[in-house]
Ligand SMILES: Nc1ncnc2c1ncn2[C@@H]1O[C@H](COP(=O)(O)OP(=O)(O)OP(=O)(O)O)[C@@H](O)[C@H]1O
Ligand SMILES: [Mg+2]
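In this note's numbering, the protein residues as written are 3 to 289.
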C-alpha cells in the first residue's frame, strides 16, 4: 500500500514584486507503507518543501499529493492527514512546549481530544519507544540534545501516526545524540512498521534506509537502494553530495587495483572486506 504519493508535483513560492521561484519541478514519488526512505539533496534542492507537502502544510501548485488515498488539496482531508503524518524538525527546542517531559508528550494527544486514561497509556508507550521513560518527570530543558529530540519524537508518536517525516533531526546534535536518535528511528521502522522519511545531510544515516532518493533543483535525480545510489560517487559529488566514508575508501582502493566489493556502506563491512582481502593476499603469497 502506498503511504505517500507525489504525482507530477510542481511548487513555486510566490513573492511580492518578484518573479515566483519554482522549487519543485515535476516530482513523481511513491513511498510504500512500512518503508524507510532517506531523502538527500544539496541545500536548496527542495527537500523541506517536498516534506511540507506530505502533511498538507504546503499544497502543490500543480499535480497532486496523496496520503494513503487522501488528496492533500481537499480541505476535509487536512486534519486526518496531519494525524497520519507526524513531522519532526531540526531544532528540538522549538518543538518542546512544556516544563515536564511527560506533559510535553501528552500535549499532542490532549489536543486531539484523546480521553485522559488513554493519554496516560500513550505517553508511557511513546516514552518507552524512544528510551526516555525514566526521564518522564524531568524538565526537557536539562536534557541533552539527543534526549530532547527523542522526547520530541515521543510527542509525535503519542498521536499514533502511520508515518513520520524527519527533516534533519540530527543536524544540531553531537555524535552521541545522533546515534541515539538514529537508533530510535530504525527501531520504530523495524519493530513497529512505522513509515519513515528521513531528510539528512549525513550519508552514514542515509545508508541505514531501505531506499535513498536524491533531489537536485526540484527534481528526483536518483531513487534506489543505498548500495546502488552510493555506487555513483562521481555523480553524487557533482551534485555537491558525499558518499559514506567506508564506500569512498573502498572505491579509492578499487581504483588502485585492489579487488573489493562495490557495495560497501558501513565501517564494519569495510573492515570485513579489507580483512578478507588481506587474508587472500597472504594465501597467494604463500602459494
Ligand atoms: N518559506 C519560503 N519562502 C520563499 N522561498 C522559500 C521558502 N522556503 C524555501 N524557499 C526557497 O525554496 C528553495 C528550496 O528550499 P528548501 O528549504 O525546500 O530546500 P532544502 O533542500 O530543504 O534545503 P536545505 O538542505 O538547506 O534544508 C530554496 O531556494 C529556498 O530559498
Ligand atoms: Mg531543508
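For every residue, glycine included, the Cβ atom is placed at its ideal position computed from N, Cα and C.
- It is roughly 7 Å from the alpha-carbon of residue 155 to the alpha-carbon of residue 132.
- Placement of the Cβ of residue 169 at a distance of less than 7 Å from at least one heavy atom of ligand 2 is found.
- For residue 120 and residue 110, the gap between their C-alpha atoms comes out near 13 Å.
- At the C-beta level, residue 223 and residue 214 stay beyond 8 Å of one another.
- With 16 or more neighbouring CB atoms inside 10 Å of its own CB, residue 55 falls in the buried class.
- Your pair residue 161 and residue 88 checks out as a contact, with CB atoms roughly 6 Å apart and the cut at 8 Å.
- Inclusion of residue 25 and residue 43 in the CB contact set at 8 Å is not warranted, their separation being larger than that value.
- At a Cβ-Cβ threshold of 8 Å, residue 107 and residue 153 count as neighbours.
- Under the three-state reduction of DSSP output, residue 13 falls in the strand class.
- Of the heavy atoms belonging to ligand 1, none sits nearer than 7 Å to the Cβ of residue 281.
- Contiguous beta strand (DSSP E) elements confined to the stretch 34 to 59 occur at 38 to 43, taking only those with 3 or more residues.
- Between residue 10 and residue 139, the alpha-carbon positions lie close to 47 Å from each other.
- Here the stretch 59 to 74 makes no contact with the stretch 250 to 265; the two share fewer than three CB pairs at distances below 8 Å.
- In this chain, the alpha helix (DSSP H) harbouring residue 205 covers 205 to 208.
- Sorting 248, 157, 27, 180 by C-alpha distance to the C-alpha of residue 96 places 157 at the top.
- Between residue 269 and the set 218, 60, 205, the nearest pair of CA atoms involves 205.
- Ranked by Cα distance from residue 185, the first of 203, 165, 164, 211 is 211.
- Here residue 7 is buried: its Cβ has 16 or more other Cβ atoms, across all protein chains shown, within 10 Å.
- By the beta-carbon neighbour count (other beta carbons within 10 angstroms, threshold 16), residue 228 is buried.
- The criterion of a C-beta distance shorter than 8 Å is satisfied by residue 50 and residue 169.
- The residue from 90, 71, 137 with its alpha-carbon nearest to that of residue 102 is 137.
- By the neighbour-count criterion, in which 16 or more other beta carbons inside 10 Å mark a residue as buried, residue 195 falls on the exposed side.
- With a cutoff of 8 Å on beta-carbon distance, residue 5 and residue 165 are scored as near each other.
- Residue 119 carries a helical assignment under DSSP once its states are collapsed to helix, strand and coil.
- Annotation for residue 54 indicates a beta carbon at 7 Å or more from all heavy atoms of ligand 2.
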